[in-house]
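Trainee: The sequence shown begins at 1 in UniProt numbering and counts up one residue at a time.
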Amino acid sequence: MNSWLFVPGHRPDRFAKAAASGAHEIIADLEDAVSPEHKDSARSEVVRWLAHGGTAWVRVNAAGTPWHHDDLGSLRDSPGLRGVVLPKAQGPATVRRVQRELPGTRILALIETAVGLQDAPSVAACTAVTGLAFGSIDFALDIGADESDETLLFARSALVVAARAAGLPPPIDGVTVETRDIEAVRAAAVRSRRLGFGGKLCIHPAQVDPVNHAFSPEPAEIDWARSVLTAATAQSGPFTVDGRMVDEPVLAKARRILQARH
1 MNSWLFVPGH RPDRFAKAAA SGAHEIIADL EDAVSPEHKD SARSEVVRWL AHGGTAWVRV
61 NAAGTPWHHD DLGSLRDSPG LRGVVLPKAQ GPATVRRVQR ELPGTRILAL IETAVGLQDA
121 PSVAACTAVT GLAFGSIDFA LDIGADESDE TLLFARSALV VAARAAGLPP PIDGVTVETR
181 DIEAVRAAAV RSRRLGFGGK LCIHPAQVDP VNHAFSPEPA EIDWARSVLT AATAQSGPFT
241 VDGRMVDEPV LAKARRILQA RH
């Protein structure tokens, strides 16, 4: 699932548009996109949508906030709930709280702090956690750094490793704040893919298409994968294609490329 699109919970007029955007997953947001005075109405609108045919993940407010418990309670028996996005995930205790309130619900743990990154392996090991995501903006704020490729490279790589070690899918990278600069969105998504991420959070429908394309193999990659796998049918053991050695890890990469086509 490459593109995960946020939609503000207090804007029901945008729910259907988000669902039709081409995003692989929709996240109805009760947290950052909603000011305190709109928290209750946002919760009601999201629950109403999930009860009447809408489907989405829901980002609840973080543990320790005045709204966290009510958010979880309101989502019980919501037929359209695909899972909970848990912000500020720090340690298994925050995950277990969601598990107790919503048994059997999938959790996407959003890592947004230094403590959260340090705890990422234990969070990823929780049975209800089906994936990790990177809250890059909040993480940069937490550690007092610029949100640049260089300063957040360690955190991104650590998250990729934590997800892989726990047997989870590749994690979801954080948002790009540019909504009109499509090239900037595409470039950020390409970087995410190269680092080992499996998708990217989006904050505007215009970001969905470039993100989806960035996580799809390029034609040249597909041609290479096909040529390698075709050559492998007549070979046993390592061989060469275009002057480059091909062994089992290379064959596995070729298979992965072809499986990733949309």
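We put the CB at the ideal spot given by N, CA and C, even for glycine. Since the model is a prediction, treat every value here as computed from it, not as a measurement.
#1: Give the DSSP-derived three-state secondary structure of GLU143 in the structure shown.
#2: Counting Cβ pairs closer than 8 Å, one from the region 90 to 99 and one from the region 134 to 143, do we hit at least three?
#3: Straight-line CA distance for residue 263 to SER236?
#4: Please classify ASP71: does DSSP put it in a helix, a strand, or coil?
#5: Thinking C-alpha only, which one of THR94, GLU112, ALA155 and THR179 is nearest ALA125?
#6: Comparing the C-beta of ARG59 with each C-beta of chain B, is any distance below 7 Å?
#7: In chain order, which continuous runs of the alpha helix (DSSP H) of length 4 or greater are located wholly inside the region 100 to 161?
#8: On the three-state DSSP scale, how would you describe PHE15?
#9: Please confirm whether VAL46 and ALA20 have their CB atoms less than 7 Å apart.
#10: When the Cβ atoms of the region 130 to 137 are set against those of the region 105 to 117, are three or more pairs found closer than 8 Å?
#11: Which residues in the same chain as PHE197 place their Cβ atom closer than 6 Å to its Cβ, once the five residues preceding and following it in sequence are excluded?
#12: To which residues of the same chain is VAL228 closer than 7 Å at the C-beta, ignoring the five residues directly before and after it?
#13: Closer than 6 Å by C-beta to LEU168: which residues in its own chain qualify, once you throw out the five before and the five after it? Chain order, please.
#14: Are the CB atoms of TRP67 and LYS39 within a distance shorter than 7 Å?
#15: According to DSSP, is ALA56 part of a helix, a strand, or is it coil?
#16: Going by DSSP, name the residue or residues bridged to GLU25.
#17: Determine the closest residue to GLU178 out of LEU117, VAL161 and ILE203, with distance taken between C-alpha atoms.
#18: Over the uninterrupted alpha helix (DSSP H) stretch that includes VAL211, give me the two end residues.
#19: Between GLY64 and GLN90, what straight-line distance do the alpha-carbon atoms span, to the nearest angstrom?
#20: With distances taken between CB atoms, is the gap from ALA155 to LEU117 smaller than 7 Å?
#21: Would GLU25 and TRP49 qualify as a contact pair, given that the criterion is a beta-carbon distance under 7 Å?
#22: Is THR176 closer than 7 Å to VAL185 when the C-beta atoms are compared?
#23: Find the nearest neighbour of VAL115 within the set GLY22, VAL211, LEU159 and PHE15, judged by alpha-carbon distance.
#24: Where does LYS88 fall in DSSP's three states?
#25: Round the Cβ separation of ASN61 and ASP71 to the nearest angstrom and send it over; I've been treating them as touching at under 8 Å.
Mentor: This is what the structure gives:
#1: The residue given as residue 143 occupies position 143 in the sequence shown. One detail in the question is off: residue 143 reads as Ile in this sequence, not Glu. Note: ILE143 maps to helix in three-state DSSP.
#2: no
#3: With the chain covering 1 to 262 only, the question about residue 263 has no answer from this structure.
#4: Along the sequence shown, read from residue 1 onward, the residue named residue 71 stands at position 71. The answer is helix: DSSP assigns ASP71 an H, G or I state.
#5: One-based indexing of the sequence shown puts residue 125 at position 125. When each option's Cα is compared against that of ALA125, the closest is THR94.
#6: No chain B appears in this structure, which consists of one protein chain only.
#7: With a minimum length of 4 residues, the continuous alpha helix (DSSP H) runs that stay inside the region 100 to 161 are 114 to 118, 120 to 124 and 136 to 143.
#8: Translated into positions along the sequence shown, residue 15 becomes position 15. Correct three-state label for PHE15: helix.
#9: Residue 46 sits at position 46 when you count from the first residue of the sequence shown. Residue 20 sits at position 20 when you count from the first residue of the sequence shown. With respect to the 7 Å criterion, VAL46 and ALA20 are not classified as neighbours on the basis of their beta carbons.
#10: yes
#11: Reading the sequence shown from its first residue, position 197 is the one you call residue 197. So the list reads PRO170, PRO171 and ASP173, once near-sequence residues are dropped.
#12: Here residue 228 refers to the residue found at position 228 of the sequence shown. Once the five neighbours on either side are set aside, the close Cβ partners of VAL228 are VAL241, VAL246, VAL250, LEU251 and ALA254.
#13: Position 168 of the sequence shown holds residue 168. ALA124 and GLY131, listed in sequence order.
#14: Here residue 39 refers to the residue found at position 39 when the sequence shown is read from its first residue. Here residue 67 refers to the residue found at position 67 when the sequence shown is read from its first residue. Cβ distance < 7 Å, so LYS39 and TRP67 count as in contact.
#15: Position 56 of the sequence shown, counting from 1, holds the residue named residue 56. Strand at ALA56.
#16: Within the sequence shown, residue 25 is the residue found at index 25, counting from 1. According to DSSP, GLU25 bridges with TRP4.
#17: As a first step, residue 178 must be located in the sequence shown, where it is residue number 178. Answer by Cα proximity: ILE203.
#18: Stepping through the sequence shown from its first residue, residue 211 is reached at position 211. Note, VAL211: alpha helix (DSSP H), 208 to 214.
#19: What you label residue 64 is simply residue 64 of the sequence shown in a count that begins at 1. What you label residue 90 is simply residue 90 of the sequence shown in a count that begins at 1. Each residue's Cα considered, the two are about 12 Å apart.
#20: Taking the first residue of the sequence shown as 1, we reach residue 155 at position 155. Taking the first residue of the sequence shown as 1, we reach residue 117 at position 117. The answer is yes: Cβ separation under 7 Å.
#21: In the sequence shown, residue 25 corresponds to position 25, counting from 1. In the sequence shown, residue 49 corresponds to position 49, counting from 1. No, Cβ-Cβ distance for GLU25 and TRP49 is not below 7 Å.
#22: To locate residue 185, count along the sequence shown from 1; it is residue 185. To locate residue 176, count along the sequence shown from 1; it is residue 176. Yes, these two residues count as a Cβ contact at 7 Å.
#23: In the sequence shown, counting from the first residue as 1, residue 115 sits at position 115. Considering only alpha carbons, the answer is LEU159.
#24: In the sequence shown, residue 88 corresponds to position 88, counting from 1. DSSP places LYS88 outside both helix and strand once states are collapsed to three, so it counts as coil.
#25: Residue numbering aside, residue 61 sits at position 61 when the sequence shown is read from its first letter. Residue numbering aside, residue 71 sits at position 71 when the sequence shown is read from its first letter. Confirmed, about 5 Å.
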